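When the count follows the working numbering, it moves up by one through the sequence shown with no breaks and lands on 1334 for the last residue. The C-beta atom is built at its ideal place from N, Cα and C for all residues, glycine as well. Being a predicted model, the structure only gives us computed values, none of them experimental.
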Amino acid sequence: MSTTPSAPATPPGPQESAQPASVTEPARNTVRLEWDDPSPGDAGDGQEGRRIVTLVLDDPMQSANTMNAAFIDSLENSVDQLVAERDRLRGVVVTSGKETFFAGGDLNDLLAATPEQAGEVFARSLRVKRALRALETLGRPVVAALNGTALGGGLEIALACHHRIALDAPKARFGLPEVTLGLLPGGGGVVRTVRLLGLADALTKVLLEGKRYRPRQAVEVGLVHEIAADRAELLARARTFIEEHPEAAQPWDEPGYRLPGGTPSHPKLAAQLPAFPARLRERLAGAPYPAPRDILAAAVEGAQVDVETAGVIEARYFTELVVSQTAKNMIQAFFFDMRTVNSGRSRPQGVPARNASRVAVLGAGMMGAGIAHACATAGLEVVLRDVSAEAAERGRDAVRGTLEKAVGRGRLTAEGRDEVLARITPTAEIAELAGCDVVIEAVFEDPALKRKVFQEVQEVVAPDALLCSNTSTLPITQLAEGVRRPEDFVGLHFFSPVDRMPLVEIVVGARSDETALARAFDLVRALGKTPIVVRDGRGFFTSRVIGHFLTEGLAMVGEGVAPASIEQAAAQAGYPARVLALLDELTLTLPRRIREETRRAVEEADGEWRAHPGDAVLDRMVDEFGRTGRAAGAGFYDYDEDGERAGLWPGLRAHFARPAAEAGDPPPFADLIDRLLMAPALDAVRCLDEGVLTSVADANVGSLLGIGFPAWTGGILQYLNGFPGGPAGAVARAEALAARYGDRFTPPARLRQLADEGGRFTDETG
């Protein structure tokens, strides 16, 4: 199904990290001190013979600097040397020998930390804080010359400096994104942002959202003081600050410092503070995300004590999160699995890259316009064709509307908008498609119509054009039957809205060759999106597994469960969309049509079709009550004149409640949550067994970015890995659900095997 819940807000992307360090790596210096020549000084300024020293972060064994054990040792040693040489110092410039300034915490170390190692994690966090505190209280000006991205631990190092100058590099980003990995900043980030910006701004602009700011945005927020055009200017500005501010100190170390906005005991802030946990509860809706809660606690508690004590508070909460399963799930998914997917593991090796240049998009409706927008934004020429010039022009106008919103929000310039629109040519003429080296069909989900449009254009476009169908459920192999070159034919399942959804599901048909797959993969990456690769089958992977989420919600309605409880269970499971609300958005006729098409296909193949308990609910809603969803103004919810939800339809309780004599005990609320998670997860295992999925990373990333599987789980298969007791615990829970709710919860053989062997789902084990 193309219309899916928005990707989770929690996770915008992983924290940067370097290549994994060897477990037995030798001690090494990752920080070096470079001393300038002694300064002659001005008469009487007390600076005669003093030097500016550059503290260079440069791990010789990694492509980027990370806060690993070697770095902490080197940082401590370097700061100790600076303290010892204080009288010879004029000031310190902190910069990096890498393209980026500092990538953040070493995620391999964090992933490996166990609850038994909590004491070591806590002590290590305090070591970093003490070294940075010694640097900022050195009594000499310390300037961060940020030559590239500084995220997480990198920004924490910079925040310990008295002045921060950023290189105005297009790819440079600054922020504390730890919350997106289930963590909080453990190197003083909470302590210093609160003291720098005040509680409210630190929480809303930096800590709770994990935003990554461009250089100029970082200046506006207050994380960076100024920017430089090039590296020479960067270092020159750093030296100028040192010369002009010989007595520099942190604001919170100056006499008379007051926390911006006041401390929690200040009457004005005290009156506002209760709103923070209330908003957090509303946003999380009961889902198990401990990091935002702990960030809020560390910030508020730390604001009431001195810097050193606040650091201990921060370290305590940091340790609690590092050893938690939620953080391990999110690190695995949003860094390691994401890196695996985007690195091209599922792309055929040995097939040379070939850049697309001119794309034919067939169909100018919502999906076609969105795809045209994505292609044009990536710099590709687009021919947007529909049955009439007016329809094609409406598609281009839809792109214009999306671009106008981006301009209004400051994310795009007017010139950039015009450049994107200039790359889109709307037309009804097939001849305009001549020379297109990629075709992306985006017409209605009608197999005959899709075959027809390919037959119309296949002789006009480039003779070796890549042929792609944007379908969410229709088997690619069947669609390719009417195409002259089925080896060049693949599925490209974009998600709606295309401009916001980062995933594309590449579907390989029975006759799709490796070159077509490689070209499709490269195209998706060129669009700035994340590709997963799946094999052909009805619903492929994403649409198929989200169907189990939807039908399980329907089954609960049929069991007489209170509709509000069903929606709350979806919220507390961590889904960004409630199950009944999502059904209304899709329109109830869509899942029913997909169900019937799938049933016919199974029966035509002499298979056994198994009805789901939710099927009867869907049929009654459509046939008996005529409530087909939001577009019709009536579904599981009632809607007002503006199409806004006005509450759950009271008729659900009247028509689906069980008679008292049959009702029995209501299902435990924990069962509702687990059913909404376990039903899709078990089917993901079946997708592996059937060869629809060939990669665990693709499964996890696809479920998170495509269907909104809860981010705290780390993805649909990581959910089973991280279940209490691991896969064995998941098997036991699934068996308990099967005993009460039916054999659809029977654990697949592969899951049982992993449980018996003490294994887990990885791309090494399958």
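- In angstroms with no decimal places, state the Cα-to-Cα distance between Arg807 and Gly757. In the sequence shown, the residue the question calls residue 807 occupies position 239. In the sequence shown, the residue the question calls residue 757 occupies position 189. Using only the alpha carbons, I get a separation of about 25 Å.
- Which full runs of the alpha helix (DSSP H) of 4+ residues lie inside the stretch 1091–1145, going along the chain? DSSP runs (the alpha helix (DSSP H)) wholly in the stretch 1091–1145: 1110–1126, 1131–1141.
- Task: Count the other CB atoms, across all protein chains shown, that sit within 10 Å of the CB of Phe1362; report buried if there are 16 or more and exposed otherwise.
- Result: The chain is shown from 569 up to 1334; residue 1362 falls before or after that span and cannot be answered.
- Hey, Thr877 and Val689: beta-carbon distance below 8 Å or not? Locating residue 877 in the sequence shown gives position 309, where the first residue counts as 1. Locating residue 689 in the sequence shown gives position 121, where the first residue counts as 1. No, the pair does not count as a contact, with Cβ atoms beyond the cut-off.
- Item | Option nearest Leu657 by Cα separation, candidates Gln818, Lys1020, Leu703, Arg708 | Residue numbering aside, residue 657 sits at position 89 when the sequence shown is read from its first letter. The candidate whose alpha carbon is nearest that of Leu657 is Arg708.
- Task: Starting from Glu1171, follow the alpha helix (DSSP H) in both directions and report where the run begins and ends.
- Result: Walking along the sequence shown from the start, residue 1171 turns up at place 603. According to the DSSP assignment, Glu1171 belongs to the alpha helix (DSSP H) that extends over 1157–1172.
- Task: Specify the secondary structure class of Trp603 as computed by DSSP and reduced to three states.
- Result: As a working note, residue 603 is residue 35 in the sequence shown. Here Trp603 sits in strand by DSSP.
- Task: Go through the stretch 1233–1268 residue by residue and report every complete run of the alpha helix (DSSP H) that reaches 4 residues or more, in order.
- Result: If only complete runs of 4 or more residues are kept, the stretch 1233–1268 shows the alpha helix (DSSP H) at 1237–1258, in order along the chain.
- Task: Note down the Cα distance separating Pro1310 from Glu1120, rounded to an integer number of angstroms.
- Result: Indexing the sequence shown from 1 puts residue 1310 at position 742. Indexing the sequence shown from 1 puts residue 1120 at position 552. Before going further, note that residue 1310 is Gly rather than Pro in the sequence given. Going by the C-alpha atoms only, they are around 11 Å apart.
- Query: Cβ of Ala1173 within 8 Å of Cβ of Gly854?
  - Reply: In the sequence shown, the residue the question calls residue 1173 occupies position 605. In the sequence shown, the residue the question calls residue 854 occupies position 286. No, these two residues do not count as a Cβ contact at 8 Å.
- Query: Does the Cβ of Gln583 have 16 or more other Cβ atoms within 10 Å, making it buried, or fewer, making it exposed?
  - Reply: Counted from its first residue, the sequence shown places residue 583 at position 15. In this prediction, Gln583 scores a pLDDT of 40, lower than 50, which makes its location untrustworthy; no coordinate-derived value is stated.
- Give the straight-line distance between the Cα atoms of Val661 and Val873, rounded to the nearest whole angstrom. Numbered from its first residue, the sequence shown carries residue 661 at position 93. Numbered from its first residue, the sequence shown carries residue 873 at position 305. Between Val661 and Val873, the C-alpha separation is close to 29 Å.
- Comparing alpha-carbon positions, which option in Gly1259, Val1264, Ile939, Ala1238 lies nearest Leu1305? The residue given as residue 1305 occupies position 737 in the sequence shown. Checking every option, the nearest Cα to that of Leu1305 belongs to Ala1238.
- Query: Where does Met629 sit, in a helix, a strand or coil, going by DSSP?
  - Reply: As a first step, residue 629 is located in the sequence shown; it is residue number 61 there, counting from the start. Judged by DSSP in its simplified three-state form, Met629 adopts coil rather than helix or strand.
- Message: What does the Cβ neighbour count give for Pro994, buried or exposed, with the cut at 16 atoms within 10 Å?
- Response: Position 426 of the sequence shown, counted from the first residue, corresponds to residue 994. It counts as buried.
- Message: Assuming Leu1216 is part of the beta strand (DSSP E), what are its boundary residues?
- Response: Here residue 1216 is taken as the residue at index 648 of the sequence shown, counted from 1. Residue range 1213–1216 is occupied by the beta strand (DSSP E) that includes Leu1216.
- Message: Relative to the C-alpha of Arg1019, which candidate in Pro753, Val651, Glu1049, Arg991 has its C-alpha closest?
- Response: Locating residue 1019 in the sequence shown gives position 451, where the first residue counts as 1. The closest CA to that of Arg1019, considering only Pro753, Val651, Glu1049, Arg991, is found on Glu1049.
- Beta-carbon separation of Pro1295 and Gly1327 under 8 Å? By one-based count along the sequence shown, residue 1295 stands at place 727. By one-based count along the sequence shown, residue 1327 stands at place 759. Yes, Cβ-Cβ distance for Pro1295 and Gly1327 is below 8 Å.
- Contact under 8 Å by Cβ, Leu1319 with Ala1300: For the purposes of this step, residue 1319 is taken as residue 751 along the sequence shown, with counting starting at 1. For the purposes of this step, residue 1300 is taken as residue 732 along the sequence shown, with counting starting at 1. Cβ distance not < 8 Å, so Leu1319 and Ala1300 don't count as in contact.
- Item | Terminal residues of the beta strand (DSSP E) in which Ala966 lies | Residue 966 sits at position 398 when you count from the first residue of the sequence shown. For Ala966, no beta strand (DSSP E) segment is defined; the enclosing uninterrupted segment is the alpha helix (DSSP H) at 957–976.
- Work out the CA separation of Thr705 and Arg805 for me, nearest whole Å. Along the sequence shown, one-based indexing puts residue 805 at 237. Along the sequence shown, one-based indexing puts residue 705 at 137. A straight-line Cα-Cα distance of about 21 Å links Arg805 and Thr705.
- Message: My parser needs the alpha helix (DSSP H) runs of 4 or more residues fully inside the stretch 979–1025; what are they?
- Response: Segments of the alpha helix (DSSP H) lying fully in the stretch 979–1025: 982–990, 1015–1025.
- Touching by the beta-carbon criterion (3+ pairs, under 8 Å), the stretch 1088–1096 and the stretch 1108–1117: Touching, no, given that fewer than three Cβ pairs across the two stretches are closer than 8 Å.
- Query: Can you tell which of Ala901, Gln649, Arg780, Leu735 has the C-alpha that lies nearest to the C-alpha of Gly750?
  - Reply: Looking up residue 750 in the sequence shown gives position 182. Gly750 has its Cα closest to that of Ala901, out of Ala901, Gln649, Arg780, Leu735.
- Query: For Gly1259, which residues from the same chain have a beta carbon less than 6 Å from its beta carbon, with the 5 sequence-adjacent residues on both sides left out?
  - Reply: For the purposes of this step, residue 1259 is taken as the residue at position 691 of the sequence shown. Here the set comprises Arg1103.
- Item | Sequence-distant residues of the same chain with beta carbon closer than 7 Å to Pro745, five excluded per side | Taking the first residue of the sequence shown as position 1, residue 745 is located at position 177. Cβ neighbours of Pro745 within its own chain (closer than 7 Å, five residues either side excluded): Gln583, Leu719, Gly720, Gly778, Arg780.
- Message: Pop quiz: Leu1034 and Val988 are said to be a contact at Cβ under 8 Å. What is the actual Cβ separation, rounded to whole angstroms?
- Response: Within the sequence shown, residue 1034 is the residue found at index 466, counting from 1. Within the sequence shown, residue 988 is the residue found at index 420, counting from 1. Their Cβ separation, rounded to whole angstroms, is 22 Å, which puts Leu1034 and Val988 out of contact at 8 Å.
- Query: Ala770: which of Gly829, Asp1266, Thr1262 sits nearest, CA to CA?
  - Reply: Walking along the sequence shown from the start, residue 770 turns up at place 202. From the listed residues Gly829, Asp1266, Thr1262, the smallest Cα separation to Ala770 is found for Gly829.
- With 16 other CB atoms within 10 Å as the buried threshold, where does Ser925 fall? One-based indexing of the sequence shown puts residue 925 at position 357. The residue is exposed, with fewer than 16 neighbouring Cβ atoms inside 10 Å.
- Do the CB positions of Leu1216 and Ala1141 come within less than 8 Å of each other? Position 648 of the sequence shown, counting from 1, holds the residue named residue 1216. Position 573 of the sequence shown, counting from 1, holds the residue named residue 1141. In this structure, Ala1141 does not lie closer than 8 Å to Leu1216 by Cβ.
- Message: Let's see if you can read the secondary structure: which residues bound the beta strand (DSSP E) around Arg1301?
- Response: Residue numbering aside, residue 1301 sits at position 733 when the sequence shown is read from its first letter. Secondary structure note for Arg1301: it is in no beta strand (DSSP E), and the uninterrupted alpha helix (DSSP H) holding it is 1294–1309.
- Query: Going by Cα to Cα distance, which pick from Pro753, Glu788, Gly931 is closest to Ile863?
  - Reply: Within the sequence shown, residue 863 is the residue found at index 295, counting from 1. Among Pro753, Glu788, Gly931, the Cα nearest to that of Ile863 is on Pro753.
- Message: Relative to the C-alpha of Ser833, which candidate in Pro858, Tyr857, Val868, Pro1054 has its C-alpha closest?
- Response: Start at 1 with the first residue of the sequence shown, and residue 833 comes out as number 265. It is Val868 whose Cα lies nearest to the Cα of Ser833.
- Rounded to a whole number of angstroms, what is the C-alpha to C-alpha distance between Asp605 and Met635? Numbered from its first residue, the sequence shown carries residue 605 at position 37. Numbered from its first residue, the sequence shown carries residue 635 at position 67. For the pair Asp605 and Met635, the Cα-to-Cα distance works out to about 30 Å.
- Message: So for Glu584, helix, strand or coil by DSSP?
- Response: In the sequence shown, counting from the first residue as 1, residue 584 sits at position 16. With a pLDDT of only 40 at Glu584, under 50, the local geometry of the prediction cannot be trusted, and the value read off the model is given with reservation. In the three-state reduction of the DSSP assignment, Glu584 falls in the coil class, being assigned neither a helical nor a strand state.
- Query: If we ignore side chains and look at the alpha-carbon of each, how far apart do Leu1071 and Leu1250 end up?
  - Reply: Position 503 of the sequence shown holds residue 1071. Position 682 of the sequence shown holds residue 1250. For Leu1071 and Leu1250, the distance between alpha carbons rounds to 22 Å.
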